[in-house]
Each structure stands twice: as C-alpha cells, then as structure tokens.
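Chains as they are written, first to last, in our numbering: chain U, 1 to 321; chain F, 322 to 507.
Cβ coordinates follow ideal geometry from the N, Cα and C atoms, glycine included.
Step one of this worksheet: look at the structure below.
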C-alpha cells in the first residue's frame with residue numbers, strides 16, 4: 001500500500017504547487033480589478049480607476065512580499081515562540097529530527113511557546129525555511145509517540161507545501177479585507193465626488209453599487225475559501241503523518257488529549273488560529289461543523305485515524321478537493 | 322504535402338526528444354534521491370556507533386557482574402561496522418539492537434543506575450538514533466520503490482536500462498527493527 005500513499009503525497013505536492021500559482025494569478029487579477037472598480041467608483045473617471053489600480057497593486061504587492069518572505073518570523077514573534085537547540089529539549093528536538101528524516105526533508109528550526117495549553121504549528125514558505133513550534137504544555141502532556149504524531153502532522157504540512165499555499169490564501173484574504181475596508185471607510189468620510197457634468201454619472205453610480213457589494217461580499221467569500229482550504233488540509237496532513245510514523249495511534253491519542261484540554265492558548269488570535277494542529281480558540285469550536293471554523297471537527301479526525309489503526313492499511317482519509 | 326509533412330515529422334521528433342530529456346532528468350533526480358536516502362542511513366548508523374562507547378563508559382562502573390552484556394554490545398558494534406551487503410547489515414544491526422536492549426533490561430535490576438542521568442539521557446539518544454535509523458530506512462525504501470516503479474513502467478522501461486538505470490535493492494528487516502525500538506524505549 002506504500003506505493004499508493006507515496007503517489008498521493010507526490011500528487012498533493014504537485015497540486016499545491018499548481019494551486020499556489022493559480023491562486024497567485026487569481027489574486028493579482030482580483031486585486032487589480034477590485035482596485036480598478038473602486039478607483040473608478042470613487043473618483044468617477046478612468047484616471048481614478050488607474051489610480052485605484054496602482055494603489056491596489058502596491059498594497060497587495062507589498063503585503064504579499066512581506067508575508068511571503070517574513071511571514072514566518074512575524075507569526076513566530078506574535079506567538080512569542082523562542083528558538084531552541086537539542087540540549088534545551090532533547091526529546092522534542094530528536095522527534096523533530098526523526099520526522100524530518102522520515103520525510104526526507106532538511107531539519108526545520110524548532111521553537112517552544114511557553115503556554116500550558118497543548119498545541120503546535122509549522123510555518124515557513126518552503127522546506128528549506130521551515131519552522132516547527134510547540135507549546136510547553138504539549139511537551140508536558142503528551143508522551144513520545146503522541147508528540148511524534150503531532151510533529152509528523154506538522155512536517156506533513158511542510159512537505160506538502162501546505163504552508164506556502166495557505167500563506168498565499170491568507171495574503172489574498174488580507175489584501176481583500178484591506179482594500180474593502182479602505183473603500184468602505186472612504187465612503188464614510190464622504191468620498192465619491194459626483195461628476196455629473198461629464199455625463200458618466202450613471203456609470204459611476206452603477207460602479208459605486210458594484211464596488212459596495214464587492215467590498216462587503218469579497219472579504220466574506222475570501223474568508224470562506226480560506227477556511228474551507230484550512231479544514232481540508234488538516235485531514236490530508238493527518239493522513240500524511242501516518243505515512244511518516246506508520247502509527248495512527250500516536251496522533252489519534254494526541255488529538256484526544258488536546259481535545260479534552262480546556263485551557264485556551266493565550267498567544268493565539270484569529271489571524272494565527274488556522275495554523276495550529278487543533279483550533280486554539282476553544283470557545284468558537286464547540287459546534288465546529290460550521291462553514292466558519294478553521295478546523296474540521298476533531299472527533300471526525302480522531303475517528304478516521306482510529307479506523308486506520310484497526311484497518312492496518314494506511315488510507316488517505318478524506319482525500320478530496 | 323512536402324513542407325507540412327516535414328513540419329509534422331520534425332515536431333514529432335522534437336516531442337520525442339523532449340520526452341526523453343524530461344524522463345531522463347526525472348530518473349536522475351529519483352536516483353539521486355535514493356543515494357541521498359542511503360547516505361542518511363549511514364550517517365545515522367555512524368552516530369549510533371559513536372554513542373555506544375560513551376554509554377558503555379558511563380554504565381561500566383555501575384555493574385560489575387554483567388560483563389558479558391557489555392562485551393556482547395562491543396562485539397555486535399564491531400560486527401556491524403564491517404562493510405557488508407545491505408541484507409547482512411540489517412541482520413547485524415538487529416543483533417546490535419538486541420544487545421543494547423539487553424543492557425537496558427539488565428539495568429532494571431540496578432535502581433541506582435536506572436534513575437541515573439547517564440542512563441536516561443543515553444536511553445533517549447539511543448532510542449532516538451534507532452528511530453532515525455529506521456525512519457531513514459523507511460525513507461530509503463520509499464525512494465527505492467518510487468525509483469524502481471519509474472524505471473519499470475512503460476515507456477521509460479524501453480530505454481531506462483540502456484541509459485544505465487538499474488533497480489535498487491530494498492532494505493529488509495524493517496519490522497523486527499521497529500519492535501526492538503519500542504522495547505528499548507521506556
């Protein structure tokens with residue numbers, strides 16, 4: 001069965017690479033069109049549209065480049081993670097090294113977050129720039145096999161290029177929100193001078209309405225897209241983790257322990273919640289089957305892993321979309 | 322007909338040449354991956370050979386009556402370090418793992434030793450190194466599997482052998498290795 005698993009993980013990498021490119025192009029077109037329409041609606045002539053286009057290009061481009069090249073450092077700093085070496089936490093460091101070897105990846109940087117809530121995430125645009133961060137609570141509460149399952153899950157995100165893909169999605173969402181917000185605020189402050197004398201007042205009005213609808217709906221759709229991708233890739237990373245450890249029980253036990261733990265993770269917020277192996281904001285996750293949750297229901301993930309355990313054959317869970 | 326025909330023929334030849342180039346590069350990449358994976362096993366094996374003398378040194382003063390356990394490890398280590406075929410290597414590594422497992426089992430009878438930092442640290446390092454060895458093998462086997470499948474599949478199979486790509490041998494004995502790891506780790 002190893003062959004099938006291997007093929008799916010190659011396919012997954014290829015798909016994430018392809019999707020990343022597609023997303024980048026969509027992002028560019030979307031941001032430019034958004035800027036164009038808002039610029040036109042606001043100022044009321046093609047020069048305004050051009051102005052909007054340029055602003056959107058720079059706002060999107062700048063935030064995009066910044067997130068792509070420094071996003072991992074920003075996330076690690078925001079999570080108050082500190083870098084460790086082998087002697088600071090030998091077991092954690094060894095387990096990460098084991099999983100890097102199993103995945104055939106370079107050793108990522110290892111970080112610890114001082115928080116008693118058990119959780120973990122991985123970041124970095126490619127395997128050469130990857131970091132894995134775990135909370136001190138996770139180290140205390142999990143045994144070695146469970147820790148290995150969690151790290152394998154994170155290394156799978158690294159290997160499958162999930163992080164780059166979800167980072168690009170995040171940039172798309174962020175820029176969309178930024179531009180929409182800018183537009184809505186500008187309306188509030190009395191933007192949109194009408195130039196009826198030029199006879200294109202009606203066009204401007206229509207564009208104004210289109211822009212208004214876009215500014216309200218685009219961030220919601222972008223966010224829903226992001227959340228659905230975020231949920232889907234958790235199942236895939238669970239399946240890939242089993243590919244690495246050949247032991248579904250470790251990860252299943254770990255998820256069970258993390259699910260039972262009711263402590264909230266203080267350093268997590270809405271912007272970083274989707275990164276973690278389990279949603280760190282427990283309060284929002286009570287009824288997690290909603291479109292607005294960052295993670296699939298944890299009971300469902302545990303159920304799939306338990307099925308692999310008894311079935312013996314590692315299957316790729318819900319390998320859809 | 323003349324020019325159109327020539328264009329079609331040239332296009333087909335160009336496509337075939339391109340295909341062969343891409344396939345060749347893909348095979349080279351996979352072959353390098355297999356070799357890289359194999360080197361990784363060696364790195365981890367060497368790390369374990371280097372750890373063992375330190376462990377024996379740390380443990381020696383705790384038990385006097387168990388000389389044969391220590392000697393067995395030394396012997397198994399020397400045996401495993403000899404150059405040999407992958408199959409023999411796997412067998413002698415399994416013997417070495419067994420000998421180290423014995424040491425930890427015997428250490429249970431020495432409360433002082435059992436709780437000493439020396440033993441706990443080495444237990445973690447050795448268990449981890451054994452895990453690394455078996456994960457390196459797992460990765461090697463996965464790479465070999467991918468590479469072998471590629472050169473055995475049509476149409477690469479037609480010219481893969483002619484270009485010097487041959488099947489690689491798997492690392493056997495993955496099963497018992499993994500079990501000895503769980504025994505030696507507490």
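Which partner residues of residue i appear in the DSSP bridge assignment?
i, result
"residue 81(U)", "113(U)"
"residue 348(U)", "No statement about residue 348(U) is possible, as the shown extent of chain U runs from 1 to 321 and does not include it."
Pick helix, strand or coil for residue i, following the three-state DSSP scheme.
i, result
"residue 7(U)", "With a pLDDT of only 49 at residue 7(U), under 50, the local geometry of the prediction cannot be trusted, and the value read off the model is given with reservation. DSSP places residue 7(U) in helix when its eight states are reduced to three."
"residue 431(F)", "coil"
"residue 263(U)", "coil"
"residue 406(F)", "coil"
"residue 504(F)", "Note on residue 504(F): pLDDT 33, under 50, position unreliable in the model; the coordinate value appears next. Residue state, collapsed to three classes: helix."
"residue 278(U)", "coil"
"residue 160(U)", "coil"
"residue 24(U)", "helix"
"residue 415(F)", "helix"
"residue 105(U)", "coil"
"residue 143(U)", "coil"
"residue 293(U)", "coil"
"residue 476(F)", "coil"
"residue 486(F)", "coil"
"residue 395(F)", "helix"
"residue 269(U)", "coil"
"residue 382(F)", "coil"
"residue 336(U)", "With chain U covering only 1 through 321, there is no way to say anything about residue 336(U)."
"residue 312(U)", "The predicted position of residue 312(U) is uncertain, since its pLDDT is 48 and thus under 50; no value can be drawn from it."
"residue 492(F)", "coil"
"residue 387(F)", "coil"
"residue 339(F)", "helix"
Can you tell which of the options has its C-alpha closest to the C-alpha of residue i?
i, options, result
"residue 341(F)", "365(F), 469(F), 355(F) and 483(F)", "483(F)"
"residue 76(U)", "97(U), 267(U) and 228(U)", "267(U)"
"residue 448(F)", "337(F), 432(F), 377(F) and 372(F)", "372(F)"
"residue 245(U)", "269(U), 305(U) and 134(U)", "305(U)"
"residue 389(F)", "369(F), 421(F), 406(F) and 365(F)", "421(F)"
"residue 407(F)", "353(F), 458(F), 472(F) and 480(F)", "458(F)"
"residue 354(F)", "475(F), 476(F) and 466(F)", "466(F)"
"residue 270(U)", "294(U), 262(U) and 132(U)", "294(U)"
"residue 182(U)", "30(U), 23(U) and 38(U)", "38(U)"
"residue 89(U)", "281(U), 114(U) and 227(U)", "114(U)"
"residue 446(F)", "376(F), 347(F) and 323(F)", "376(F)"
"residue 55(U)", "178(U), 264(U) and 227(U)", "178(U)"
"residue 124(U)", "157(U), 213(U) and 26(U)", "157(U)"
"residue 50(U)", "34(U), 62(U) and 148(U)", "34(U)"
"residue 347(F)", "331(F), 469(F), 490(F) and 491(F)", "469(F)"
"residue 86(U)", "80(U), 94(U) and 222(U)", "94(U)"
"residue 42(U)", "275(U), 234(U), 215(U) and 224(U)", "215(U)"
"residue 464(F)", "235(U), 298(U), 236(U) and 105(U)", "105(U)"
"residue 362(F)", "476(F), 481(F), 453(F) and 474(F)", "453(F)"
"residue 62(U)", "175(U), 223(U), 274(U) and 310(U)", "175(U)"
"residue 440(F)", "473(F), 476(F), 332(F) and 374(F)", "374(F)"
"residue 510(F)", "460(F), 334(F), 428(F) and 368(F)", "One cannot answer for residue 510(F) here, as it falls past the ends of chain F, which runs 322 to 507."
Tell me whether residue i, by its Cβ, gets closer than 7 Å to a heavy atom of the ligand MN.
i, result
"residue 300(U)", "The ligand MN is absent from the structure shown, which contains no ligand whatsoever."
Is any beta-carbon of chain A found at less than 8 Å from that of residue i?
i, result
"residue 19(U)", "Included in the structure are the protein chains U and F, with no chain A among them."
Selection of the stretch 403 to 415 of chain F by Cβ proximity to chain U, strictly under 9 Å: Correct list: empty, as no residue qualifies.
Residues within the stretch 377 to 399 of chain F neighbouring chain U, beta-carbon criterion of under 9 Å: Of all residues in the stretch 377 to 399 of chain F, none has a Cβ within less than 9 Å of some Cβ in chain U.
Contact list for the stretch 72 to 102 of chain U against chain F, Cβ threshold 7 Å: Only 90, 91, 94, 97, 98, 101 and 102 from the stretch 72 to 102 of chain U bring a Cβ to less than 7 Å from some Cβ of chain F.
Minimum length 4: unbroken alpha helix (DSSP H) runs contained in the stretch 182 to 246 of chain U: If we require 4 residues or more, the alpha helix (DSSP H) runs fully inside the stretch 182 to 246 of chain U come out as 201 to 245.
Against chain U: residues of the stretch 332 to 358 of chain F by CB proximity under 7 Å: For the stretch 332 to 358 of chain F, the set of residues with a beta-carbon nearer than 7 Å to any beta-carbon of chain U comprises 358, in chain order.
Cβ-based contacts, 7 Å cut-off: residues of the stretch 102 to 123 of chain U near chain F: Those residues of the stretch 102 to 123 of chain U that come within reach of chain F (Cβ to Cβ, closer than 7 Å) are 102 and 104.
Entirely enclosed alpha helix (DSSP H) segments - the stretch 42 to 96 of chain U, minimum 4 residues: Residue ranges of uninterrupted alpha helix (DSSP H) with 4 or more members, entirely inside the stretch 42 to 96 of chain U and ordered along the chain, are 46 to 78.
Where the stretch 472 to 491 of chain F meets chain U: residues whose CB sits under 8 Å from a CB there: Residues passing the 8 Å Cβ filter: none.
Beta strand (DSSP E) segments (min. 3 residues) lying fully within the stretch 431 to 470 of chain F: Segments of the beta strand (DSSP E) lying fully in the stretch 431 to 470 of chain F: there are none.
Selection of the stretch 444 to 462 of chain F by Cβ proximity to chain U, strictly under 7 Å: The residues in question are 445, 449, 452, 453, 456, 457, 459 and 460.
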